[in-house]
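Presented below is the structure to which this report refers.
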Amino acid sequence: MARYLGKETTRVDGVAKVTGKAKYTAEFQVPHVAYGFIVQSTVTKGRITAIDIRGAEQAAGVVRVFTHLNARRLGKKAAAEGPPQWSWPLQSDRVFFNGQPIALVVAETYEQARHAARLVKVSYQREAHSTDLETVLDRAQPDPDTAKSVPRGNPTAALQAAAIKVQSEYRIPIEHHNPIEPHAAIAFWEGEHLTIFDKTQNVYGVQEHLAEGLGVPAENIRVVSPFVGGAFGSSLKPNYYPSLTAMAARELKRPVKVVFTRAQMFTGHGYRPQTIQKVTLGADRSGKLQAIVHEAFHNTSSFEPFSDNTTGFLKQVYACPNLHAPLKVSATDLATPTWMRAPGAVSGMFALESAMDELAYALKIDPLQLRLINYAEVDPESGKPFSSKALRECYRLGAEKFGWKSRNPEPRSMRDGKLLVGWGMASSVWGALQMPASARVIYRADGTASVTSATSDIGPGTYTVMSMIAAEFLGLRLDQVKFELGDTRQPQAPAQGGSWTTSSVGSAVRGAALTITAKLLDLANREAASPLRGIAATDVEMFDGRLRAKGDPSRFVDIAEIMRRTGTSEINEVHNSTPSPERAKYASLAHGAQFVEVKVDPDLGTIRVTRVIEITACGKILNPLASHSQEIGGVVWGIGMALEEATEVDHRTGRIMNASLQHYHVPVNADIHAIETIFVEEEDTIVNPLGVKGMGELGMVGIPAAIANAVYHATGKRIRDLPITPEKLL
Ligand code: MOS
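What follows is the structure in structure tokens.
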């Protein structure tokens, strides 16, 4: 009987967060700090022909103005050898996107730096640019990551032979992550040793990146990031500001702090790329899919490759013998995209699940029934069995809870007064990923434990779930365990991303605790009178300061006593966890089903998402409280993606026009109505020792399609380009 795992647990860091004790990057106090403000290009492509910094240098409080003319060279390659990477700023006179950092003004105060930044005068030689994927589609190149994937079966022939076909194009604009906490770094040097506070999802990634950029050994660099105010992928890759901040601090021999403005968040880290997807589905008259041809295009920058893996997961959703789902990428004169919440999957599934709805209407088959007809019993890509898959139960339960069977499929047939009512559904998919990770557990004779791993907690509740896992396997109360993260002095962990943290880091914490259990058993059995003699380490457990036989709590030793008698003050164990070889024999995915009701005002075109039921199957749920929060957050983001979010680029100037939370719309309270999230738990002994799958990204995956499908049902209008704003319905 688990003490913590599977039970609703409030956040162990909750009080620290709501009382201001939790320190976010910009809040660290470093004596004698100077403030940097980034100057950005105002043209989209070209060269800086002159940069006049005299006015800025003479402004009050200014310490130094860094430009490409005086900045230290970063990275292994000199700038002359090729285009500079995203992460190495001020390396040449080239401008690759509008808003590119071109100078850093450092001053005694933030206000002085910001003021002086406006006094930097820049002349450019402009070149013609293209910032719209639509205009550069002909230059698209196969994405190297996914080009290896060959078509399944013979999709062309199968499409020709199919009795029923639907073919459509779907468009998703650029979207930007807008976490509450902006990017920030504070860097200071002590001799050749750098300490940097950085808002990041990956302290080890930033360490490696800075080691390369600054030419110092990684072990001389400490990256600290204990709290992150949301990130969603925006802090997965090292952005350009940590190297900029560290370089300035090194030159000035003084701590430097750089904090982004909200507007800078729109050019400072990447974005969900613009996608165009051409989907053709062929089926027989019974609804069985015969062929899926799903071509995706998205943009990247002119100087770095990027793949969103748009068509990766969707290949594994339906049992279809013939499939081709290539991804092609075109260069645009914009910043490089990056991963954004449910990258690829949410974009790809918007197109596929919209197309499935179109096919259901073409066949006059219920959309849910169509999914069941094409249910994948085994992974259609590899033919491997799933380590677990409770999607069928998600469909059943969701339909029942939602009342799906009373849906009249006819568009515009359901009303609430003058409002048009629409019901739509979709499926979701995400990986059940696991990465190598390590964790340290120190168990002390006084019955307390310190647990560390250099992971991150961008909001999902990692502090809490790691404390729960440690407490569970060490047999301690939650308040006897202290879990710390976000520091390169701790054992290495992967970036917090991909919804793999609990599976990866949690397995390492569990592994360390079990090793400590085994070591305690060895200590106990050094004594001839040990009541645990002859018992295997897997058959004992720690509980409330005792090491006891599982199933026979009367056979136990007192851990503190054993440690005292053997002169052991603490046991310090680092455990490295890696995916098991057994996993490779199976396909492991997380799935879900979404049922959505919308009400549309036929005069105004306004849409309200009045009811969402989201059912997900993602293994075992360790902390239902935080897990439901993850899924609700996913649904809210899905509503934003479906109805509101779009980064507007003026393609004539290449500038982003809505770089603010006033004009970049995300859902607010008034946009959110009833949301119910339900887990169908899966017993999965293959996927990892904890039986957990990812859930954070999964939560939003089917939502945009379910909403678009509901809008079609309500209005008879099929909107294939997001967001579904009112004017598209009028
Ligand atoms: Mo998420 S896009 O893996 O931070």
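All residue numbers in the sequence shown are consecutive under the working numbering, ending with 727.
Just so it is clear, CB atoms sit at the ideal spot from N, CA and C, and this is done for glycine as well.
Here the structure is a predicted model, which is why all the values come from computation and not from measurement.
{"Query": "Jot down the residue ranges of each uninterrupted alpha helix (DSSP H) in the stretch 388 to 417, minimum 4 residues, whole runs only, in chain order.", "Result": "388 to 399"}
{"Query": "According to DSSP, simplified to helix, strand and coil, what is A75?", "Result": "Annotation note: pLDDT 46 at A75 (below 50); position unreliable, coordinate value reported separately. In this structure, A75 counts as coil in the three-state DSSP scheme."}
{"Query": "Assuming S120 and A47 form a contact by the criterion Cβ under 8 Å, report the distance between their Cβ atoms to the nearest whole angstrom.", "Result": "4 Å"}
{"Query": "Under the rule that 16 or more other beta-carbon atoms within 10 Å means buried, what is M465, buried or exposed?", "Result": "buried"}
{"Query": "Keeping to the same chain, check which residues put their C-beta closer than 6 Å to that of D536; ignore five residues upstream and five downstream.", "Result": "K547"}
{"Query": "Note down the Cα distance separating A31 from R507, rounded to an integer number of angstroms.", "Result": "43 Å"}
{"Query": "When the distance is taken between beta carbons, is V15 closer than 8 Å to Y460?", "Result": "no"}
{"Query": "Quick check on DSSP: helix, strand or coil for G637?", "Result": "helix"}
{"Query": "So, with DSSP's three-state summary, where would you put L586?", "Result": "strand"}
{"Query": "Looking at C-beta atoms only, is the number of pairs between the stretch 442 to 450 and the stretch 162 to 180 that lie closer than 8 Å three or more?", "Result": "no"}
{"Query": "What's the call for G478, buried or exposed, on a 16-neighbour Cβ count within 10 Å?", "Result": "Reading the sequence as shown, one finds Val at residue 478 and not Gly. When all chains shown are included, V478 counts as buried."}
{"Query": "With 8 Å set as the bound, which would you pick, yes or no: does the beta-carbon of A110 sit closer than that to a beta-carbon of chain C?", "Result": "Going by chain labels, chain C is absent from the structure shown, which holds only one protein chain."}
{"Query": "Is it the case that the CB of Q88 approaches a heavy atom of ligand 1 more closely than 7 Å?", "Result": "no"}
{"Query": "Under the assumption that I618 contacts G3 (Cβ atoms under 8 Å), give the Cβ distance between them as a whole number of angstroms.", "Result": "7 Å"}
{"Query": "Quick one: what does DSSP say D354 is sitting in, helix, strand or coil?", "Result": "helix"}
{"Query": "Taking the alpha helix (DSSP H) that L369 falls in, what are its first and last residues?", "Result": "364 to 370"}
{"Query": "Start and end of the alpha helix (DSSP H) containing V470?", "Result": "Checking the displayed sequence, the identity of residue 470 turns out to be Phe instead of Val. Taken as a continuous stretch (DSSP letters only), the alpha helix (DSSP H) holding F470 covers 459 to 471."}
{"Query": "Leaving out five residues on either side along the sequence, give the residues of the same chain with a beta carbon under 6 Å from the beta carbon of T197.", "Result": "V203, S222, S232"}
{"Query": "According to DSSP, is L116 part of a helix, a strand, or is it coil?", "Result": "coil"}
{"Query": "Mind pulling the beta strand (DSSP E) runs of 3 or more residues that sit fully within the stretch 187 to 216?", "Result": "190 to 195"}
{"Query": "Buried or exposed, going by whether 16 or more other CB atoms sit within 10 Å of the CB of I177?", "Result": "exposed"}
{"Query": "Residues in the same chain with beta-carbon distance under 6 Å from M463, minus the five sequence neighbours each way, listed in chain order, please.", "Result": "F480, V506"}
{"Query": "How about G33 and K254: are their beta carbons less than 8 Å apart?", "Result": "yes"}
{"Query": "When DSSP labels each residue in this structure, what does V12 get in the three-state scheme?", "Result": "helix"}
{"Query": "Which residue from G380, P302, T39 puts its Cα closest to that of T264?", "Result": "T39"}
{"Query": "Count the other C-beta atoms from every protein chain shown that fall within 10 angstroms of the C-beta of G458, then say buried if there are 16 or more, exposed otherwise.", "Result": "buried"}
{"Query": "Using the C-alpha atoms, what's the distance from G472 back to T565?", "Result": "19 Å"}
{"Query": "Got a sec: does ligand 1 put a non-hydrogen atom nearer than 7 Å to the Cβ of F224?", "Result": "no"}
{"Query": "Based on DSSP bridge pairs, tell me the residues matched to N569.", "Result": "I439"}
{"Query": "So does Y336 have its beta carbon nearer than 7 Å to some heavy atom of ligand 1?", "Result": "Per the sequence presented here, residue 336 reads as Trp, with Tyr not at that position. Flag set: Cβ of W336 near ligand 1."}
{"Query": "Hey, out of S410, T499, I568, whose CA is closest to I439's CA?", "Result": "I568"}
{"Query": "Ends of the beta strand (DSSP E) at I99?", "Result": "98 to 104"}
{"Query": "By the DSSP assignment, the alpha helix (DSSP H) with K744 in it spans what residues?", "Result": "Any property of residue 744 remains undetermined from this structure, which presents the chain solely from -2 to 727."}
{"Query": "For R149 and V646, what's the separation of their Cα atoms in angstroms?", "Result": "37 Å"}
{"Query": "How is Y315 classed by DSSP in three states: helix, strand or coil?", "Result": "strand"}
{"Query": "Do you know how far the Cα of K234 is from the Cα of R111?", "Result": "26 Å"}
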